[in-house]
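Worksheet for the structure shown next.
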Amino acid sequence: MTAPVIELRGLARTYPGPPPVPALRPADLVIGAGDYVAVTGPSGSGKSTLLHLLGLLDSPTAGSYLLDGLDTSKLPDRDRSALRGRRIGIVFQAFHLLAYRTALENVLLAELYNHTPRSTRLQAAAGALGAVGLGHRLDALPTTLSGGGCQRVAIARALVNQPSLLLCDEPTGNLDSRNAASLMELLDQLNSGGLTIVIITHDAAVAAHAGRTVTISDGILSERIRAGHG
Ligand SMILES: Nc1ncnc2c1ncn2[C@@H]1O[C@H](COP(=O)(O)OP(=O)(O)OP(=O)(O)O)[C@@H](O)[C@H]1O
Ligand SMILES: [Mg+2]
Numbered sequence: 002m003t004a005p006v007i008e009l010r011g012l013a014r015t016y017p018g019p020p021p022v023p024a025l026r027p028a029d030l031v032i033g034a035g036d037y038v039a040v041t042g043p044s045g046s047g048k049s050t051l052l053h054l055l056g057l058l059d060s061p062t063a064g065s066y067l068l069d070g071l072d073t074s075k076l077p078d079r080d081r082s083a084l085r086g087r088r089i090g091i092v093f094q095a096f097h098l099l100a101y102r103t104a105l106e107n108v109l110l111a112e113l114y115n116h117t118p119r120s121t122r123l124q125a126a127a128g129a130l131g132a133v134g135l136g137h138r139l140d141a142l143p144t145t146l147s148g149g150g151c152q153r154v155a156i157a158r159a160l161v162n163q164p165s166l167l168l169c170d171e172p173t174g175n176l177d178s179r180n181a182a183s184l185m186e187l188l189d190q191l192n193s194g195g196l197t198i199v200i201i202t203h204d205a206a207v208a209a210h211a212g213r214t215v216t217i218s219d220g221i222l223s224e225r226i227r228a229g230h231g
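So for the sequence shown, this note's numbering puts the first residue at 2; every next one is plus one.
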């Protein structure tokens, strides 16, 4: 049996004070390969704290986080970064693209240095942009793309190293409703292809795309079981 993509055992994060902020109370959660999970909750409830932990951008103050069966809590920083590069793609509300680089260059720059020839890396970057529907805009600068287009470039950048997990923090937060709907269609399509997705959102329409919804309230994580999903 293969290990779940994510397994949290009493994972917690308290920011040092004073006064200390218990942003995430000890949480247990299992996310399997191909799952599509929405994380909702009021502002300040701990959603981004959870996402930063899942993305190995931050370390827990208690508990453990197994990624693809590997206990990340015991790894030195260098190994955690390497693991993030290979296994995790992250997309934020603000697209964080380099303004003076083309779509292709933005994606190419995210590729891991693994002695692959440049032509192969270019092909992978172009392929990732093709997969998000931007195969015809490889040379476009972010300023010439819509918000939806920019977020697609950010998704291509997140996926170019073929991670097992895509984490999204309010990916539609800066998009109008038409671009948001189209972006959610893309995420649905990627999930149908087998990609595991965790998406933070305030928007019930966005959360409805996911098969599971996890809610955080004052740092306490709980799962809302929906009819038809168990
Ligand atoms: N680096 C930090 N140091 C101290 N406190 C922090 C830090 N980051 C977040 N917090 C606090 O931790 C709590 C959870 O914050 P978090 O950013 O995870 O919430 P959120 O659910 O993502 O909110 P939003 O919906 O506004 O993005 C809040 O009380 C916040 O003020
Ligand atoms: Mg947040």
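All C-beta atoms in this analysis are idealised placements derived from N, C-alpha and C, irrespective of residue type, glycine included.
K75 is classed as exposed because its beta carbon has fewer than 16 other beta carbons within 10 Å across all chains shown.
Distances taken from the Cβ of A132 to the heavy atoms of ligand 1 include none shorter than 8 angstroms.
Annotation for I7: no alpha helix (DSSP H) segment contains it, though the beta strand (DSSP E) segment containing it runs I7 to Y16. If one requires a minimum length of 3 residues, the beta strand (DSSP E) runs lying completely within the stretch 33-113 are 37-41, 63-68 and 89-92, in chain order. The stretch 160-177 makes contact with the stretch 84-103, as at least three CB pairs between them are under 8 angstroms. Under the three-state reduction of DSSP output, I226 falls in the coil class, being neither helix nor strand.
At a threshold of 8 angstroms, D59 does not count as near ligand 2, since its beta carbon sits no closer than that to any of the ligand's heavy atoms. Your pair G56 and L168 checks out as a contact, with CB atoms roughly 5 angstroms apart and the cut at 8 angstroms. Taking a 10 Å sphere around the C-beta of A100, we find fewer than 16 other C-beta atoms and assign the residue as exposed. Look at R158 here: in three-state DSSP terms it is helix. Put simply, of G11, G18, P23 and I89 the residue whose alpha carbon is nearest the alpha carbon of I198 is I89. Apart from the 5 residues on each side of it in sequence, Y16 sits with its Cβ closer than 7 angstroms to the Cβ of V22 and A24 in its chain, given in chain order. Nearest in C-alpha terms to I200, of all of L123, G42, I226 and S60, is G42. Note that the C-beta distance between D219 and S49 is not below 9 angstroms. Per DSSP, S218 lies in no alpha helix (DSSP H) segment; the continuous beta strand (DSSP E) that holds it begins and ends at R213 to S218.
Within the stretch 117-166, the runs of alpha helix (DSSP H) at least 4 residues long that lie entirely inside it are, in chain order, 119-132 and 148-160. Note on I226: under 16 other CB atoms within 10 angstroms of its CB, so exposed under the neighbour-count rule. In this structure, the CA atom of I7 is about 17 angstroms from the CA atom of R26.
With 16 or more neighbouring CB atoms inside 10 Å of its own CB, P61 falls in the buried class. Judged by DSSP in its simplified three-state form, L176 adopts coil rather than helix or strand. With a contact defined as Cβ atoms closer than 8 angstroms, G18 and A63 miss out at about 16 angstroms.
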